[in-house]
Amino acid sequence: MTDTGRRGADPSYRPRRTLPLRVEAVRQLRRRRTWIAFAVLLLLPWVLAAAFKIGGSPSGNDPNTPGLVTVATTGALNFTAFTLFASVGFLLVVAVALFCGDTVASEAGWASLRYLLAAPVPRVRLLRQKLIVALSLSALAVLSLPVMAMITGIYVFGWARLRLPATDTALPNGTALTRLLIIVGYTLVSELVVAALAFLLSVTTDSPLGAVGGAVGLVIVSNIIDAVTALGHWREFLPTHWQFAWTDALQPDLVWTGMVKGMVLSASYAVIFLALAVRRFRDKDVVS
């Protein structure tokens with residue numbers, strides 16, 4: 000169906016007045032999946048802290064134990080870094096894919112997408128408004144996790160300097176907070192590729208579960224392929240290859256090389272996926 004039929008007949012029609020951001024934001028915030036996603040993210044730090052309290056402080060004697068785990072209970076800063084390490088690879092991916100993959104596909108699944116376009120809301124504007132709200136919720140989700148982890152860490156483990164894994168170095172508080180801000184900022188940028196991929200699938204399918212699951216599934220496949228070391232430097236072009244490059248910020252001397260490559264790759268993939276999403280939706284025959 001087209002969304003241009005009634006525009007010329009109504010002189011009061013203003014495209015910029017259709018589907019305000021406030022309306023879309025309220026609609027998304029009222030959805031149950033939004034509250035469930037944030038509840039899981041906000042509860043995770045407390046679950047991890049309880050696990051450490053029950054199981055005891057991790058030991059650094061096991062060579063198979065990741066470095067961030069061995070220093071996770073030394074203070075709030077280390078606990079926050081560990082919480083991000085434990086969640087970046089999957090939980091945050093699911094949250095971002097949920098917000099960005101469900102936004103358009105759910106409208107098609109509810110058979111309300113065609114009525115939004117008949118309002119009429121220009122297709123590109125509809126995508127833009129939904130993408131802005133979805134990215135805002137995704138960013139809020141990514142930010143809420145380290146904030147709650149910091150609160151949990153202060154309450155359970157107290158405040159201490161950030162101890163760097165596999166070293167005896169402890170960073171000053173100002174430097175440590177700056178490093179954590181860099182880590183969170185890098186995480187936000189690296190999740191753009193997940194957001195854009197989920198959004199592309201959202202305009203391609205009428206199934207929200209298919210869009211969200213497809214994005215998460217492709218991330219998992221990328222991680223599996225990345226484990227094939229025989230691919231050599233070709234792995235660097237995989238969208239998830241640099242997802243843990245932020246650990247370079249937990250070195251005595253900050254190293255930017257991996258994070259810069261990761262941000263450029265994520266931004267490049269995001270631009271391509273979003274361009275494909277706009278092109279796909281502009282030409283799509285919306286019948287659901």
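Numbering that gives the first Met the number 0 puts the sequence shown at residues 0 to 287. Backbone N, C-alpha and C fix where the C-beta goes; we use that ideal spot for every residue, glycine too.
Which of helix, strand or coil does DSSP assign to residue i?
{"i": "R162", "result": "strand"}
{"i": "L253", "result": "coil"}
{"i": "A71", "result": "coil"}
{"i": "T187", "result": "Per the sequence shown, residue 187 should be read as Leu rather than Thr. Looking at L187 - three-state DSSP - the assignment turns out to be helix."}
{"i": "L237", "result": "coil"}
{"i": "L275", "result": "helix"}
For the alpha helix (DSSP H) that contains residue i, what are its first and last residues?
{"i": "G212", "result": "207–225"}
{"i": "L91", "result": "90–100"}
{"i": "L130", "result": "122–155"}
{"i": "R32", "result": "31–54"}
{"i": "V25", "result": "20–28"}
So, does the CB of residue i fall closer than 8 angstroms to a CB anywhere in chain D?
{"i": "W34", "result": "The structure shown contains no chain D, having only a single protein chain."}
Can you tell which of the options has its C-alpha closest to the C-alpha of residue i?
{"i": "A48", "options": "A80, V70, V193, T151", "result": "T151"}
{"i": "L142", "options": "R281, V188, W241", "result": "V188"}
{"i": "T33", "options": "A148, A140, A266", "result": "A140"}
{"i": "K260", "options": "A269, F236, A276", "result": "F236"}
{"i": "A138", "options": "W233, F98, A85", "result": "F98"}
{"i": "N77", "options": "V254, G157, L230", "result": "G157"}
{"i": "T166", "options": "G66, G54, F280", "result": "G66"}
{"i": "K52", "options": "V155, A80, L126, V25", "result": "V155"}
{"i": "S135", "options": "F280, F272, R278, R21", "result": "R21"}
{"i": "R278", "options": "D252, R122, G173", "result": "R122"}
{"i": "I271", "options": "P238, M149, R178", "result": "P238"}
{"i": "I153", "options": "T79, L28, S267", "result": "T79"}
{"i": "V218", "options": "V92, L273, M149", "result": "V92"}
{"i": "D252", "options": "I223, R29, A229, A175", "result": "A175"}
{"i": "R289", "options": "G231, G212, V254", "result": "The structure shown has nothing for residue 289, since the chain only spans 0 to 287."}
Considering only residues of the same chain and omitting the five flanking positions on each side of residue i, which have a CB-CB separation below 7 angstroms?
{"i": "M258", "result": "Y185, A244, W245, D247"}
{"i": "F37", "result": "A140, S143"}
{"i": "E23", "result": "Q128, K129, V132"}
{"i": "H240", "result": "D225, R234"}
{"i": "A214", "result": "A96, G100, V193, L196, A197, L200"}
{"i": "A210", "result": "G100, D101, A104, A197, L200, S201, T204"}
{"i": "V70", "result": "N77, R162, P164"}
{"i": "L41", "result": "S143, M147"}
{"i": "F280", "result": "R122, L126, V202"}
{"i": "A169", "result": "R160, L161, R162"}
Spatial neighbours of residue i within its chain, please: C-beta separation below 6 angstroms, excluding the five flanking residues on both sides.
{"i": "T73", "result": "A159, R162"}
{"i": "I181", "result": "A248"}
{"i": "W45", "result": "T151"}
{"i": "L191", "result": "S265, A269"}
{"i": "A94", "result": "A36, A140"}
{"i": "F81", "result": "L67, A71"}
{"i": "F84", "result": "L67"}
Go through its chain and collect everything with a Cβ distance to residue i's Cβ below 8 angstroms, but skip five positions before and after it.
{"i": "G242", "result": "The amino acid occupying residue 242 in the given sequence is Gln; Gly does not appear at that position. Same-chain partners within the cutoff: V87, G88, S189, G261."}
{"i": "V227", "result": "R234"}
{"i": "Q250", "result": "L163"}
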